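The block underneath contains the structure these notes are about, expressed in structure tokens.
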Amino acid sequence: AQTVTQSQPEMSVQEAETVTLSCTYDTSESDYYLFWYKQPPSRQMILVIRQEAYKQQNATENRFSVNFQKAAKSFSLKISDSQLGDAAMYFCAYSGQNFVFGPGTRLSVLP
Amino acid sequence: GEEVAQTPKHLVRGEGQKAKLYCAPIKGHSYVFWYQQVLKNEFKFLISFQNENVFDETGMPKERFSAKCLPNSPCSLEIQATKLEDSAVYFCASSQRTGPEQFFGPGTRLTVL
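Protein chains in written order, with the numbering used here: chain A, 2 to 112; chain B, 68 to 180.
As structure tokens, then:
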């Protein structure tokens, strides 16, 4: 079965600085997707970024980018120029035959 | 619709009462997923459907939980004889097929007193 690990239960970053959230996963599948979801206090799940495993190029969405290392099964999220509105829970997720969430990282942004 | 809709937003039940939650997936999406998120924030997968057929029910506590997705009706998740530990936010998500991202509804917060 696939597993997703987020080793940082909590992280903090100064406003305007850069922070990287870690995610590793385990799978024997070759074809899959990886995602980062943001969950603010409202609890709404918001898709931040997605990566297809067959693409070598790292996905980017404005201030959000990933470092996808397929051989190492690593999928970290980098948030540049952090804003107060980035404060939330961040979930890494794997989608292949099953959809699996990591346990989440709570990100605080300090003014 | 263009968003996953979940009703009700909040539901309060006394221990032992029945709770029923509803989900309308995005139009055109074939897959529906139910998750339970307790206060620890971890998501627990419950069940998924491909159209009206159960796709994966490995996460369902079968004794008290049941779910359906019938044609032309919202999907439902029903908990018989609720327990205190059922208190959680229940999310429904839909997708066009397995693989791509799931789109989440706003969740239903169930409180069991």
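In this text, a Cβ means the ideal position worked out from N, Cα and C, and glycines have one as well. All figures in this text were calculated on a predicted structure; none of them were measured in a lab.
Residue i versus residue j: straight-line alpha-carbon distance, rounded
i	j	result
residue 52 of chain A	residue 34 of chain A	6 Å
residue 180 of chain B	residue 79 of chain B	7 Å
residue 94 of chain B	residue 73 of chain B	14 Å
residue 76 of chain B	residue 72 of chain A	42 Å
residue 132 of chain B	residue 160 of chain B	18 Å
residue 84 of chain A	residue 107 of chain B	25 Å
residue 12 of chain A	residue 108 of chain A	5 Å
residue 173 of chain B	residue 70 of chain A	32 Å
residue 178 of chain B	residue 41 of chain A	20 Å
residue 164 of chain B	residue 31 of chain A	17 Å
residue 14 of chain A	residue 24 of chain A	18 Å
residue 119 of chain B	residue 138 of chain B	7 Å
residue 151 of chain B	residue 86 of chain B	12 Å
residue 148 of chain B	residue 81 of chain B	9 Å
residue 84 of chain B	residue 153 of chain B	11 Å
residue 94 of chain A	residue 55 of chain A	16 Å
residue 90 of chain B	residue 2 of chain A	27 Å
residue 50 of chain A	residue 129 of chain B	34 Å
residue 88 of chain B	residue 96 of chain B	19 Å
residue 135 of chain B	residue 112 of chain A	47 Å
Reduced DSSP category for residue i - H, G, I as helix; E, B as strand; rest coil
i	result
residue 180 of chain B	coil
residue 27 of chain A	strand
residue 124 of chain B	coil
residue 53 of chain A	strand
residue 62 of chain A	strand
residue 11 of chain A	strand
residue 85 of chain A	helix
residue 44 of chain A	coil
residue 33 of chain A	coil
residue 71 of chain B	coil
residue 77 of chain B	strand
residue 79 of chain A	strand
residue 93 of chain B	coil
residue 39 of chain A	strand
residue 68 of chain A	strand
residue 19 of chain A	coil
residue 88 of chain B	strand
residue 105 of chain B	coil
residue 94 of chain A	strand
residue 117 of chain B	strand
residue 189 of chain B	A query on residue 189 of chain B cannot be resolved here, the shown segment of chain B reaching from 68 to 180 and no further.
Check whether residue i and residue j have beta carbons under 8 Å apart
i	j	result
residue 102 of chain B	residue 112 of chain B	yes
residue 106 of chain A	residue 22 of chain A	yes
residue 46 of chain A	residue 122 of chain B	no
residue 103 of chain A	residue 6 of chain A	yes
residue 61 of chain A	residue 26 of chain A	no
residue 36 of chain A	residue 69 of chain B	no
residue 16 of chain A	residue 101 of chain A	no
residue 156 of chain B	residue 44 of chain A	yes
residue 81 of chain A	residue 19 of chain A	yes
Inside the stretch 128-180 of chain B only - beta strand (DSSP E) runs reaching at least 3 residues: Residue ranges of uninterrupted beta strand (DSSP E) with 3 or more members, entirely inside the stretch 128-180 of chain B and ordered along the chain, are 132-135, 142-146, 155-162 and 175-179.
Given 8 Å, three or more beta-carbon pairs between the stretch 89-106 of chain A and the stretch 140-150 of chain B: No, the stretch 89-106 of chain A is not in contact with the stretch 140-150 of chain B.
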